[in-house]
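This report refers to the structure that appears directly beneath it.
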Amino acid sequence: CGAVLYACYMVFLRRRIKDQDQLDIPMFFGFVGLFNSVLLWPGFFILHMAGWEVFTLPTAQQMLYICANGLVGTVLSELLWLWGCFLTSSLVATLSLSLTIPLSMATDVLLRGVKYSWLFYAGSVPIVAAFFAVTVLTHYNNWDPVGQICCCRRREEHQYRY
Numbered sequence: 479c480g481a482v483l484y485a486c487y488m489v490f491l492r493r494r495i496k497d498q499d500q501l502d503i504p505m506f507f508g509f510v511g512l513f514n515s516v517l518l519w520p521g522f523f524i525l526h527m528a529g530w531e532v533f534t535l536p537t538a539q540q541m542l543y544i545c546a547n548g549l550v551g552t553v554l555s556e557l558l559w560l561w562g563c564f565l566t567s568s569l570v571a572t573l574s575l576s577l578t579i580p581l582s583m584a585t586d587v588l589l590r591g592v593k594y595s596w597l598f599y600a601g602s603v604p605i606v607a608a609f610f611a612v613t614v615l616t617h618y619n620n621w622d623p624v625g626q627i628c629c630c631r632r633r634e635e636h637q638y639r640y
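If you want it as structure tokens, here you go:
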């Protein structure tokens, strides 16, 4: 469900806003926050009153961590991602989100000395390769190397049939 909603969000945003100059980014995120506050907060109270989820107020330290996580982990990352969508394309920016897996693994290996199985490294190779392949292909707008290879072979076959 989350992937479908995310895809709808991306398509709608890209269809409505063609250039970053058309979007007032602070106002956009302001409305995202407003809609979340208005539409999601009643759900907390409903869950609390029904007894499905107990809602307790966080301590001061927890509130500090929540605010820091909200600013850095949500607002800043979403702002940079949206900016990346306008500077490159929504495909490249969205695909770059998948790089968090190999990059976090590399960070764990380098800074914490974590040892991973070879399967983790093998799984990271297609992620990184796909990102770089899409980046190169979108850089050369309609370049299709596979199509060129197939067309060249087809031409060679037709040349030698005579």
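Numbering (this note's numbering), first residue to last: 479 to 640. Glycine included, each C-beta is placed from N, C-alpha and C at the ideal position. For clarity, every value in this text was computed on a predicted model and none was experimentally measured.
- Membership of Trp596 in the alpha helix (DSSP H) is indicated by the continuous run 596-617.
- By the Cβ-count criterion, Phe564 is buried, with 16 or more other Cβ atoms from all chains shown falling within 10 Å of its own Cβ.
- Scanning the segment 505-554 from its first residue to its last, no whole beta strand (DSSP E) run of 3-plus residues comes out.
- Around the Cβ of Leu560, a 10 Å sphere holds 16 or more other Cβ atoms; the residue is buried.
- In this structure, Ala608 lies near Leu573, with their beta-carbon atoms less than 8 Å apart.
- The DSSP-derived three-state label of Gly591 is coil.
- For Ser568, the uninterrupted alpha helix (DSSP H) run begins and ends at 568-575, by DSSP.
- Asp502 carries a coil assignment under DSSP once its states are collapsed to helix, strand and coil.
- In this structure Val612 is in contact with Leu569, their Cβ atoms being roughly 6 Å apart against a cut-off of 8 Å.
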